[in-house]
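Worksheet: the structure to be examined is printed underneath.
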Amino acid sequence: MSQDNVSARDIVRSIPGIVRRFPSIAKGYYYYSVKNENKELTLGTLVERNAEKYPSRTAIAYEDRSVTWSEFNAWANRIANFLLAQGLVKGESIAVFLENRPEILAVVAGAAKIGVSCAMLNTSQKGKVLEHSVNLIKPRMVVVGEELVEPFDAVKDDLLTRHRTPFLFLADTNTLNIFGDAPEGYVNMAEKVSAHGGTNPVLSNPPKMGDTAIYLFTSGTTGLPKAAPGSHRKFVKAYGGFGLMSLAMEPDDVLYCTLPLYHGTALLVCWGSVLAGGSSIALRRKFSASAFWDDVRRYNATTFGYVGELCRYLLNQPASEQDRNHNLTKMIGNGLRPSIWKEFKQRFGIETVAELYASSEGNIGFSNFFNMDNTVGFSTAPYKLVKFHEGTRDPIRNEKGYMKEVRKGEPGLLIGEITKKWSFEGYTQKEATEKSILRDAFKKGDAWFNTGDVLKEIGCGHLQFVDRMGDTFRWKGENVSTTEVENIIDGSGMVEEAIVYGVEIPKTNGKAGMVTLVPHSNGSEFDINKLFAYLKENLPAYAIPVFVRVTHAIEKTGTFKYRKVDIQKAGYSLGKPGEEVYAWLPRTDGYTRLDEKLVSEIDAGKVSF
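Written out as structure tokens, the structure is:
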């Protein structure tokens, strides 16, 4: 098929593969379609089922550790019983601040078994952003890994927790056997958990499928992170839709996951798929392009979880005779660009690309069920692609106040209809939830979720991702909120005005952050690297602007709105009198002023951001 078209012939060609997967597809559709919110089908029951069916098979592989399904279930049970002994009850929450390792999955599963939800804190967050995220949830307790104690200590006195001993510590080791020593002010969770029984908890009021299992944090248009609740149903849908229908996971499958488990792609999609097959998830703390294929061979992985940037980093590695010396045949994730799709499959011998489109909070998802190239697939949920104001996430309405769909093949803003079946779980903040809902879009009384993303149809109901619009952009596999970064910059006391946006850099995925700012005119010279040091203290690395344009004034409209589209088009180009442009170049610890030679090298893709 061509890069921008899916035809009926392509669908027909995919039928033999569908037939081979049919038993798995039929089983998956059952789980994907379960509607009873009160059904006792939850993350905990899915874990228990695998412990019964595959007790001695590996559930988690990590470095030199291996945890079987039986061991994992017993571990989760001890955590569940510990939390019960601490007085936690169904409907309450804890926050989890751990990097990728088996403990994070055990804590989520253990809490889920008793109806306690886990707020999955972004491990890159620190300072005001981390404090804000925790306080959105007001958890009873927070589980903190030894690897993250330093940034957590900086904010823990300002957190709104609700327990007499709220801070639980997990040493950065195999805590099933080695407890370590907890710092002052923390309870040693592993030591306390070890004293509890490993049998499945028996509850008078067990969790149900519609109950909240997790909170995932997303950067939206309101600035600081928003917390999106995810029910057990989302795990069940991932279990059926991705694990069985798209990937046909089996007990012998191993899914290699380097994506952070505080993200929905890793926690819901990847782990949900592993749960479906009684398979194994092989974890790595952080992605490494140079170690990737060695790990794949080490764990005998058959599947991996990706974002587009990860695939680009792998393609940028020197070609090797070992490129196909592995058992990987399947991959699941999002953001694989059409420009590298076929090259990636051919070089590394990948057969199935289960590209998907979804959001942590949204009610609409797409999956590349037919294994077509260059598409996020199709959706059974009701949706439309509508006309929008360029540079915003705002739909265009006609004189009657209604929206208009785009023509086939034309990029449009994706909106998903909110119905009883396709509900919108939204955010913990009601005003943020309401801001994402479009009402009276096509008729009085209807309601639609605004994804803020632009896609286009490329045939047979298949869509292709085009761009993320409005006040967020994607960089290094993360969604960056422009308002959040602007608020942090404003807090520096060094600028009068700042506007943040994403700009494209040749031979990179996503958009790099850029800020145009006006320094405070207080008589002192503006120190660009004093600003950089402040940003480094208060923002995760992926959110620090890669480019800075320093100017004396920022053009506005007659209604005092910034001309963001015009500013964005200028990018990091030079030539405007009285302006300076700086870049945070790779492997440097500060900003470098750009000249024509550096700009040419960046434009030529010679600088590997």
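Start counting the sequence shown at 246; every next residue gets the next number (the numbering used here). No residue lacks a Cβ here, since even glycine has one placed at the ideal position from N, Cα and C.
Using 8 angstroms as the threshold, is the C-beta distance between residue 460 and residue 382 below it?
Taking 8 angstroms as the Cβ cut-off, residue 460 and residue 382 qualify as a contacting pair.
How would you label residue 377, buried or exposed, when you count the other beta carbons within 10 angstroms and need 16 or more for buried?
By the 10 Å Cβ count, residue 377 comes out buried.
Using 8 angstroms as the Cβ pair cut-off and three pairs as the minimum, do the stretch 354–362 and the stretch 396–410 touch?
Flag = no, the stretch 354–362 and the stretch 396–410 do not touch.
From the DSSP output, in three-state form, read off residue 638 for me.
Coil at residue 638, not helix or strand.
Beta-carbon proximity list for residue 334, same chain, < 8 angstroms, skipping 5 on both sides:
The beta carbon of residue 334 sits closer than 8 angstroms to those of 359, 360 and 361, all from its chain and outside the five residues before and after it, given in chain order.
Spatial neighbours of residue 490 within its chain, please: C-beta separation below 6 angstroms, excluding the five flanking residues on both sides.
270 and 273, listed in sequence order.
Since residue 415 and residue 348 are thought to touch, with beta carbons under 8 angstroms apart, how far apart are those beta carbons, to the nearest angstrom?
Yes, they are in contact, since the Cβ atoms of residue 415 and residue 348 sit about 5 angstroms apart, within 8 angstroms.
Do residue 550 and residue 234 count as a contact pair if the criterion is CB distance below 8 angstroms?
Outside the modelled stretch of the chain, which goes from 246 to 854, sits residue 234, for which no answer is possible.
Would you kindly work out how many angstroms separate the C-alpha atoms of residue 584 and residue 514, rounded to a whole number?
Going by the C-alpha atoms only, they are around 24 angstroms apart.
For the stretch 820–839 against the stretch 777–797, are there 3 or more C-beta pairs whose distance is under 8 angstroms?
Yes, they touch.
Using C-beta distances below 7 angstroms, list every residue in its chain close to residue 456, excluding the 5 sequence neighbours before and after it, in chain order.
The residues are 360, 476 and 477.
Per-residue DSSP class, three states only, for residue 799:
Of the three classes helix, strand and coil, the one that applies to residue 799 here is coil, per DSSP.
By the three-class DSSP mapping on this structure, what secondary structure does residue 838 have?
Looking at residue 838 - three-state DSSP - the assignment turns out to be strand.
May I ask you to report which of helix, strand or coil DSSP gives residue 805?
Residue placement at residue 805 cannot be trusted, given a pLDDT of 47 that sits under 50; what the coordinates show is reported in the next sentence. Of the three classes helix, strand and coil, the one that applies to residue 805 here is coil, per DSSP.
Neighbourhood of residue 633 by C-beta distance below 8 angstroms, restricted to the same chain and skipping five residues each side:
These residues qualify, in order along the chain: 639, 640, 641, 657, 658, 699 and 714.
Helix, strand or coil: which one does DSSP assign to residue 648?
Strand, per DSSP.
Within the same chain, show all residues whose beta-carbon is closer than 7 angstroms to that of residue 511, passing over the 5 residues directly before and after it, in chain order.
These residues qualify, in order along the chain: 502, 504, 505 and 550.
Cβ neighbours of residue 812 in the same chain (closer than 6 angstroms, five flanking residues each side left out):
Result list for residue 812: 761, in chain order.
So is the beta-carbon of residue 535 under 7 angstroms away from any non-hydrogen atom of the ligand GDP?
No copy of the ligand GDP appears in this structure; indeed no ligand is present at all.
Residue 277 versus 261, 611, 331 and 431, residue with shortest Cα-Cα distance:
Of 261, 611, 331 and 431, the residue nearest in Cα terms is 611.
Would you check if the stretch 289–309 and the stretch 519–536 touch, i.e. whether three or more CB-CB distances between them fall below 8 angstroms?
Inter-segment contact for the stretch 519–536 and the stretch 289–309 is present: three or more beta-carbon pairs are separated by less than 8 angstroms.
Cβ-based neighbour list, residue 850, same chain, cut-off 7 angstroms, excluding 5 preceding and 5 following:
Leaving aside the five residues that flank residue 850 on each side, the residues in its chain whose CB is nearer than 7 angstroms to its CB run, in chain order, 751 and 752.
Could you compute how far the alpha carbon of residue 854 sits from the alpha carbon of residue 704?
In a straight line, the C-alpha of residue 854 is about 34 angstroms away from that of residue 704.
Would you check if the distance between the CB atom of residue 600 and the CB atom of residue 608 is smaller than 8 angstroms?
Taking 8 angstroms as the cut-off, the beta carbon of residue 600 is found no closer than this to the beta carbon of residue 608.
Nearest by alpha-carbon distance to residue 839: which of 817, 821 and 822 is it?
Measuring from the Cα of residue 839, the nearest candidate turns out to be 817.
Contact defined as beta carbons within less than 8 angstroms: I believe residue 338 pairs with residue 384. What is the distance between those atoms, to the nearest angstrom?
At roughly 5 angstroms, the Cβ-Cβ gap stays under 8 angstroms, so residue 338 and residue 384 are in contact.
Please identify the residue among 254, 536 and 286 whose C-alpha is closest to the C-alpha of residue 308.
Closest by alpha carbon: 536.
In whole angstroms, give me the CA-to-CA distance for residue 428 and residue 846.
Roughly 48 angstroms between the two C-alpha positions.
Check the C-beta distance from residue 755 over to residue 718 and give it rounded, since I have them as a contact under 8 angstroms.
The pair is a contact, with the Cβ atoms about 7 angstroms apart (cut-off 8 angstroms).
Only counting the same chain, and skipping five residues up and downstream in sequence, which positions put a Cβ closer than 8 angstroms to that of residue 774?
Cβ contact annotation for residue 774 (same chain, cutoff 8 angstroms, sequence separation greater than five): 835 and 836, in chain order.
Per-residue burial, residue 275 [other beta carbons within 10 Å of its own, 16 or more giving buried]
Exposed, because fewer than 16 other Cβ atoms sit within 10 Å of the Cβ of residue 275.
Apart from the five residues on each side of it in sequence, which residues of its chain come closer than 6 angstroms, Cβ to Cβ, to residue 852?
Correct list, in chain order: 846.
Along the chain, where does the beta strand (DSSP E) containing residue 745 start, and where does it finish?
740–748 is the span of the beta strand (DSSP E), which, as asked, contains residue 745.
Go through its chain and collect everything with a Cβ distance to residue 467's Cβ below 6 angstroms, but skip five positions before and after it.
Only weak support is given to the placement of residue 467: the predicted model assigns it a pLDDT of 43, under 50, and the value that follows is read from those uncertain coordinates. Here residue 467 has 677 as same chain residues with Cβ atoms under 6 angstroms from its own Cβ, once five neighbours each way along the sequence are excluded.
Residue 652 versus residue 696: straight-line alpha-carbon distance, rounded
Cα to Cα, the separation comes out at about 19 angstroms.
Can you look up residue 310 in the DSSP assignment and give me helix, strand or coil?
Strand, per DSSP.
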